[in-house]
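Below is one structure, written out as structure tokens; the observations come after it.
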């Protein structure tokens, strides 16, 4: 009898060990496989694991996309992931400790991959790159990682980052020297550009759009350099391609002007501290941060959800006058375009602008993407908002809304301080030598045009702007 009980206990222990290994904990994390469902999706879209990839992230929409190059040489959308957490505000990271997640064009080399992260697995974005340094920006160890916690990073669920990490690793293994990441404030649609036309970051965002326009018109990765404190793209490009990109830009500008003429208000969004996708926010409000943490952070559970009290409501919407000065501030239910416009209209700050029914088609239209579930319908926003006196840019937080009242829970200090301490027993990641710089910014950047990375014979681009000296997330940082 005792022997049978021992055998049963041994069988259960082995089964549990197998389950743990299936989730690729500990030293096995660098071998996380691409899920079979993703392989099936690649096959359906004419892709393979060895083809190059490209990453695009959007703060306002709280989404991250993986694009993959097909046999015809053009990139196509493989998958969209809802983002569990980003911190700060819309706009670029400026200095160490500002909690801002970077915006710009970054390159992920093999040296920046970290399977020993405290946040399951991660990769370093490469901030600050040549552009950031040209503007005197500071900060380090800005990552894309697991858990649902951010102090300047883009945070996915543990399962999501495992899959993304595997996709990047396989692209590296197949010869892609660096994976381009286009970190954007929002989708560069005429609707978003019309609403944010008077934001103080609009010139920077239009500079980013030059690169995204090239990508969307050609389906090819833009070559990126820095000159005169600006990003420059495809300096020696095909004249016909340059004309096609210019036509797209002009069409977008025409649509922006039409939206402004219809009454689209100029606004600035102010978040309590970043945001997350509505699918996670509903879980947070319904079940609490501990429940959300358990469901999305099975391998980095001790990290916890960062500042959950900042996520229970939508952003404040600052309505700007023609000179870009605040004239009213409204609390909206979410950053969704229709919800924001409904909130502004209900407060009487601006006439309502009808949203466009459909996005303009591009030269390489993709299958329609299922829209993310909205946090609250536009109609609800008209009854659950608060208006302050005109000109007030920073009102007291409003706790009414479909997400419930703000929680008093806050992120423990030791979790923030130790957020990137390596997992106990893991082998420390070795810092690699800095990779070749794709664009050099001199003391007087207008004097030298940055060289653009060459296209190799196998058509794999070397798109890295720069590589940091320390490429791993295993050191404490305030970011």
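In the working numbering, the protein residues as written are 1 to 479. Note that beta-carbon positions come from the ideal geometry of N, C-alpha and C, so glycine has one too.
Straight through space, the alpha carbons of residue 348 and residue 180 are spaced by roughly 43 Å.
Assignment of residue 243 by DSSP, reduced to helix, strand and coil, places it in the helix class. Residue nearest to residue 128 within the set 346, 104, 243 and 121 is 104 (criterion: CA-CA distance). Secondary structure note for residue 221: it is in no beta strand (DSSP E), with a DSSP letter that is neither H nor E. The bridge partners DSSP lists for residue 124 are 143.
No Cβ-Cβ contact shorter than 7 Å links residue 80 with residue 61.
Scanning its chain for C-beta atoms nearer than 7 Å, with the 5 sequence neighbours on each side dropped, one finds around residue 76 the residues 45, 67, 68, 70 and 366, in chain order.
When the Cα atoms are used, residue 318 and residue 230 turn out to be separated by approximately 28 Å. Between the alpha carbons of residue 145 and residue 89 lies a gap of roughly 19 Å.
Beta-carbon to beta-carbon, residue 243 and residue 233 are separated by about 15 Å, too far to satisfy the 8 Å threshold.
Comparing C-alpha distances from residue 59 to each of 298, 294 and 274 shows the shortest one belongs to 274. When the beta-carbon positions are compared, residue 148 and residue 296 come within less than 7 Å of each other.
Residue pairing from DSSP leaves residue 308 without any beta-bridge partner. If you draw a straight line from the Cα of residue 264 to the Cα of residue 165, it comes to about 40 Å. Residue environment: residue 36 is assigned as exposed (fewer than 16 neighbouring CB atoms within 10 Å of its CB, all protein chains considered). Annotation: residue 32 is outside any alpha helix (DSSP H) and is labelled neither H nor E by DSSP. Exposed is the label assigned to residue 257, since fewer than 16 other Cβ atoms lie within 10 Å of its Cβ.
In chain order, 94 and 128 place their CB closer than 6 Å to the CB of residue 137, counting only its own chain and leaving out the 5 sequence neighbours on each side.
With respect to the C-alpha of residue 292, the residue from 84, 262, 72 and 192 having the closest C-alpha is 84. Between residue 208 and residue 53, the C-beta gap is not smaller than 7 Å, which leaves the two residues out of contact.
Going by DSSP, residue 54 is part of the beta strand (DSSP E) stretching over 53-58.
Assignment of residue 294 by DSSP, reduced to helix, strand and coil, places it in the helix class. Inclusion of residue 143 and residue 124 in the CB contact set at 7 Å is warranted, their separation being smaller than that value.
For the pair residue 177 and residue 109, the Cα-to-Cα distance works out to about 6 Å. Of the residues assessed, residue 196 falls on the buried side of the cut-off, its CB having 16 or more other CB atoms within 10 angstroms.
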